[in-house]
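Mapping of the sequence shown onto the working numbering: residues 269 to 556, in sequence order. Note that the Cβ used here is the ideal one computed from N, Cα and C, for glycine as well. Everything on this sheet refers to the single structure shown next.
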Amino acid sequence: MIKEAIVEKLDTKSLSSASNRLCIADLGCSVGPNTFFAVQNIIDAIENKHKSEYDGSHKLEFQVFFNDHASNDFNTLFTSLPLERQYFSAGVPGTFYDQLFPSSSIHFAHSSYSLHWLSKVPEKLLDQNSSWNKGKIHCAGASDEVVNAYAAQFEKDMGIFLNARAKEIVPEGMIVLIIPGIPDEVHPSELPAGILFNFLGSSLVDRANEGILNEAQIDSFNLPIYSASPKEMASLVKINGCFSIESMEGSRKARNCSLSSSLSEMQSCMICMLIASHTDFISVTDIQ
Numbered sequence: 269m270i271k272e273a274i275v276e277k278l279d280t281k282s283l284s285s286a287s288n289r290l291c292i293a294d295l296g297c298s299v300g301p302n303t304f305f306a307v308q309n310i311i312d313a314i315e316n317k318h319k320s321e322y323d324g325s326h327k328l329e330f331q332v333f334f335n336d337h338a339s340n341d342f343n344t345l346f347t348s349l350p351l352e353r354q355y356f357s358a359g360v361p362g363t364f365y366d367q368l369f370p371s372s373s374i375h376f377a378h379s380s381y382s383l384h385w386l387s388k389v390p391e392k393l394l395d396q397n398s399s400w401n402k403g404k405i406h407c408a409g410a411s412d413e414v415v416n417a418y419a420a421q422f423e424k425d426m427g428i429f430l431n432a433r434a435k436e437i438v439p440e441g442m443i444v445l446i447i448p449g450i451p452d453e454v455h456p457s458e459l460p461a462g463i464l465f466n467f468l469g470s471s472l473v474d475r476a477n478e479g480i481l482n483e484a485q486i487d488s489f490n491l492p493i494y495s496a497s498p499k500e501m502a503s504l505v506k507i508n509g510c511f512s513i514e515s516m517e518g519s520r521k522a523r524n525c526s527l528s529s530s531l532s533e534m535q536s537c538m539i540c541m542l543i544a545s546h547t548d549f550i551s552v553t554d555i556q
């Protein structure tokens with residue numbers, strides 16, 4: 269899907285008109301090796317399209333920025349870099365809920381399995397007089413107030429994330445987001461991850477009942493994880509207005525997933541991929 273989007277939507281001629289250097293950012297890279305596979309696939313797709321447009325007469329140079337929190341093990345990341353790589357690499361520590369790069373400096377941004385992590389636990393969940401999530405550690409199986417608090421925090425975080433990327437990505441640049449998703453109109457408790465979170469929460473409550481753990485600490489503990497639906501993602505991108513959605517694909521298998529499903533089936537239940545171009549207006553062109 270990423271390869272097709274690059275071939276059909278990414279204007280490599282325009283992006284490389286001022287310089288033969290193309291900058292790629294992987295946001296939430298961790299320590300590899302998945303980040304290296306993703307980056308190489310992106311570079312291969314861009315190079316193939318560029319060669320077809322220039323007939324091999326205009327060679328590109330690639331600068332790849334690997335981003336994650338400052339606590340990430342960048343030493344392991346860089347000692348694992350592929351020896352045969354044909355790109356320059358650099359580490360950029362910091363949260364992607366802030367601007368990380370100079371304005372209009374990134375041509376292609378990629379983030380995989382990172383954006384479901386909220387910047388913080390929703391504040392309302394820490395108030396016993398508000399959306400107190402007693403006996404649970406996640407919004408799966410929780411009250412509507414708790415679910416709404418999670419959704420509101422995700423909405424706020426996505427707005428900050430998109431605004432930061434809008435400053436960094438050049439006009440007509442592209443961003444690809446791969447996140448654990450949830451089909452429209454499906455409650456988090458219906459997915460395997462939600463069921464597992466409920467089991468984990470119940471086991472902690474059992475330990476509290478046995479006097480092993482502190483009940484108040486469990487009640488105040490919440491996983492800062494949220495899976496958005498395609499409908500939510502489309503709405504948030506539209507509200508932001510800095511990107512146009514070129515393609516978005518959400519899994520259709522979630523309703524058929526259960527704890528007896530294979531690992532690959534469970535993972536496919538929770539994937540939502542969004543590909544968007546940086547523009548001055550919003551136009552949702554294709555949502556599958």
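For D341, no alpha helix (DSSP H) encloses it, and the DSSP letter there is neither H nor E. With respect to the 9 Å criterion, Q354 and V389 are not classified as neighbours on the basis of their beta carbons. Listed in chain order, the alpha helix (DSSP H) runs fully inside the region 328 to 407 are 342 to 347, counting runs of at least 4 residues. Three or more Cβ pairs closer than 8 Å define a contact, and the region 374 to 389 meets that threshold against the region 416 to 434. Shown here, L481 sits in coil according to DSSP, grouped into three states, outside any helix or strand. Beta-bridge pairing by DSSP links C297 to no other residue.
Taken in chain order, the unbroken stretches of alpha helix (DSSP H) that lie wholly in the region 402 to 440 and span 4 residues or more are 412 to 436. For the 9 Å CB-CB criterion, N335 and C297 form a contact.
The region 410 to 420 makes no contact with the region 350 to 365; the number of CB pairs closer than 8 Å stays below 3. If you look at I274, you'll find it in the alpha helix (DSSP H) that goes I270 to K277. Comparing alpha-carbon positions, the option among E517, G509 and A484 lying closest to K499 turns out to be E517. Residue pairing of I493 in beta bridges, as defined by DSSP: W385. In the structure shown, the three-state DSSP call for L459 is coil.
Note that the region 485 to 496 touches the region 397 to 405; at least 3 beta-carbon pairs, one per stretch, sit closer than 8 Å. Rounded to the nearest angstrom, the gap between the Cα atoms of A358 and E514 is 29 Å.
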